[in-house]
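Letter by letter, the sequence shown follows residues 1 to 671 in full-length UniProt numbering.
All residues carry an ideal CB built from backbone N, CA and C; glycine is no exception.
Right, one structure below, let's go through it.
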Amino acid sequence: MPKATKRKKEKEADFKKAKLKLGKGKKAASNATDTSFKARSIALPSQKSLTRALALATDDAPSSSTPTTGAGLGLDDVLVRTRHPNSHVRNEAIGQLRQVLTAGVSLGVPMGERHGEVAKVVSGIGSLISDEEQSVRRALHDFVGWYLSRLPPLALSAYLPTLTLQISSGLSHIFPAIRLDTCRLVLLLLESGADIVGPWPAKPPSTSSLVGSAGVFDGLRLAAGLGEDKASAGYRLDGKGKLVILRTIRGFIHRALEPAEKKGEESSFGTWSLTDLEADDWSLGNYSWALEWKQPAPAEEGDGAAAELESTYAVLHSLLLNTFMESAPAAFASPADETALALCAESTALARLFAAALLGEYAPADPAPTRARVGEFLKRMAGYFPFSGSETHFALSLDYARLATLLAPAAPPLVQKKGGWRARVRAVEAAWSAMKGGNKANAAALAAAAEWAAEALAPTDALDALQPQSYVALLPIVWELVLRPEADMLEALCSAALKQPGSGAKRRATDALLTRVVRVHEDAFAPEPLFVPLASPARGLVAQWIGATPRTLWELGTRDAPATRALLQFLLELSPARRAFEAPYSLVSADAVAGIPGKLGPFFHLQHATRGAVAGPWTALSAPEQRLALDAARVWAQEDSSGRLAGAVVRAVTGPGAPAWARAYWERESV
């Protein structure tokens, strides 16, 4: 056959349809894959749901002690749905999980106490932390917040290692959105009280027994772009994303440094320490202005906590400084950018947190690098200080003042070779000289902080007056400045106290601090370098405040029993019958206490010109405060030549409404 004919037939064959013979199937291609299979049974997708529905309709229904959803799904069934390929099903499963847990509580078993329930829930939701669907992650956050608020405090502790490993995986995820949502979950866990911090910083990550907790903080550093991962370092966070990460890091470090305060111990951050200074508990009696005036002991060589904190601050310092510098122009412009302002506040709060720890309880062997970093940050803030406007601006000013006082040198221990006021004054002056000599670099910042604090205590404009919570937060800094000679803060503090109503929350906090000032000043062996110069105007203001104490007791009434008890105890200590105050050094002068007996009488009983006999606030006090008031009246009655105080007390203990024991107690004590 000629070649041309052969080629023509081959081309035509490509387009010819093969004729099938009768009873024969299509011939399989040479490269075909056999997809046939054989099965012994057939499984329908809806078979399990159908069986469950039939069981609910018959006597084979599950036990009434097993919690289920409205559709009859148990806990195990719902957790299986959290791994479903469809994101809508996973989102729906989170809502069903809440239904199952609520149903368990309605059956009489408290949340978290059903056997194996918490372990199953933690294991089931772990995979959802890194879910690629944002709606699923947000639903998970809502569920975790709801679940943690109902769990017993220690129910989650045994399962935290499993949870923290899943969180570490989410923090190092390739997608930035998942990393940010995991940061939000970490912050949620910290706010709920879950101990995901572990032994950090006491044990560095390499030696930590809780590898998961160490991994959480490493993940936060990676999320902030501080790791060695090129993908993480190359990704530039926007303002809101950086704000989420900084808030989470601050929450983590704050929780790591919190255990000493939780146990009721006094924190020795910096050079002052306070106990139970809570802004929501407005009681003078609850303010324990105890001071541990001592230089922070340097950490011993090999101290893991100090070394870990110092290295962490060294890594974060550049991020905090750059964040503040980049955000400050927009934050302090008019109008202010709220995100930029929040970034400035978070970076400053983190710097203050590290400074308080590393210049106090966790002081390294060489604090110079830390002081240099804090000083650099303070210089960047100085151009915008003082900050005025909102509560956030006040918090920034407060942090600036805290950083300035932390950088100020601590007072050396007072050395008194002899007893008496003169020896103490010489020791205080020597301590002041040492403090002034070591504060040249920080003198301007400390002076600016003192000027701002004085204006904040008693502003000229009523609109600038601080809220009670902000006012109480300012008082520890005022106490620190009172102990420094270059900052004349006592005069401003006394002026503020005399302008405040006796029953107000601010006055109660101010009275607590002034009570502490007087006690330290009059203590011949107090370690604090506190002495008010003889020519200082503050002496006259302190005398006015002492003389107004009976009126404060009257205005306070029964509003705050601890505050009343504290002031009565203070009056008892001030009595000339109990101790002698040496003039002219003592703050308690004879003129200051001369009018106290006459002013104290109406607290017990008042003879009004038109209303006649009126019972004083003493009648409505509880028995312990009444006894303390009678003790104070007994010692001050000895200084009352007119006998008015004793007469008022007699009318109070014998009048209507007086307790049965009061008369016998007063007569016995007066013998």
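Between E582 and the set R507, G420 and Q638, the nearest pair of CA atoms involves G420. Take S327, set aside five residues on each side of it, and the residues of its chain with a beta-carbon closer than 7 Å to its own are A340, L343 and C344, in chain order. Contact check for L171 against T164 fails: the beta carbons are separated by 8 Å or more. Here L243 is near E346, since their CB atoms are less than 8 Å apart. H141: member of the alpha helix (DSSP H) spanning Q134 to L148, first to last residue. Taking 8 Å as the cut-off, the beta carbon of L309 is found closer than this to the beta carbon of L358. Judged by DSSP in its simplified three-state form, Q607 adopts strand. Residue range T549 to L556 is occupied by the alpha helix (DSSP H) that includes W554.
Sorting A411, A620 and A509 by C-alpha distance to the C-alpha of P656 places A620 at the top.
A623 carries a helical assignment under DSSP once its states are collapsed to helix, strand and coil. Residue pairing by DSSP places V614 opposite L606 in a beta bridge. In the same chain as F217, and ignoring 5 residues on each side of it, the C-beta atoms closer than 7 Å to its own belong to W200 and F252, in chain order. The Cβ atoms of V428 and P529 lie closer than 8 Å to each other.
Taking G70 as the centre and dropping the five residues before and after it, the same chain places no C-beta closer than 6 Å to its C-beta.
Buried is the label assigned to F394, since at least 16 other Cβ atoms lie within 10 Å of its Cβ.
Taking the Cα positions, T82 is about 10 Å away from G95. Between A662 and Q626 the beta-carbon gap is near 7 Å, inside 8 Å, which marks them as a contact. Counted as a single uninterrupted DSSP element, the alpha helix (DSSP H) harbouring P369 occupies residues A368 to A382.
Distance between P152 and L553, taken at the CA atoms: about 42 Å.
If you draw a straight line from the Cα of P468 to the Cα of A454, it is about 16 Å long. With a cutoff of 8 Å on beta-carbon distance, L403 and R371 are scored as not near each other. In the structure shown, T162 adopts helical secondary structure according to DSSP, grouped into three states.
If you compare the alpha carbons of A430, F525, T515 and D523 with that of P485, the shortest gap goes to A430. Taking C-beta separations shorter than 7 Å and ignoring five residues to either side along the sequence, the partners of W618 in its chain run F603, F604, Q626, A629 and A652, following chain order.
M325: member of the alpha helix (DSSP H) spanning G304 to A331, first to last residue. Assignment of N91 by DSSP, reduced to helix, strand and coil, places it in the helix class.
Counting every other CB atom within 10 Å of its CB across the protein chains shown gives D591 a total below 16, marking it as exposed.
Taking all protein chains in view, the Cβ of N442 is crowded by 16 or more other Cβ atoms within 10 Å, so the residue is classified as buried. The Cβ-Cβ distance between V78 and V100 falls below 8 Å. Straight-line spacing of the CA atoms in L222 and L180 works out to 11 Å. Straight-line spacing of the CA atoms in Y159 and I129 works out to 15 Å. Between the beta-carbon of V588 and that of E522 there is about 7 Å, and that keeps the pair under the 8 Å contact cut. Put simply, the backbone Cα of D131 is about 12 Å away from that of H141.
Distance from the Cα of A155 is smallest, within the candidate group P110, S168 and Q569, for P110.
DSSP, read as helix, strand or coil, puts E486 in coil. Counting the other CB atoms within 10 Å of its CB gives L645 a total of 16 or more, which places it among the buried residues.
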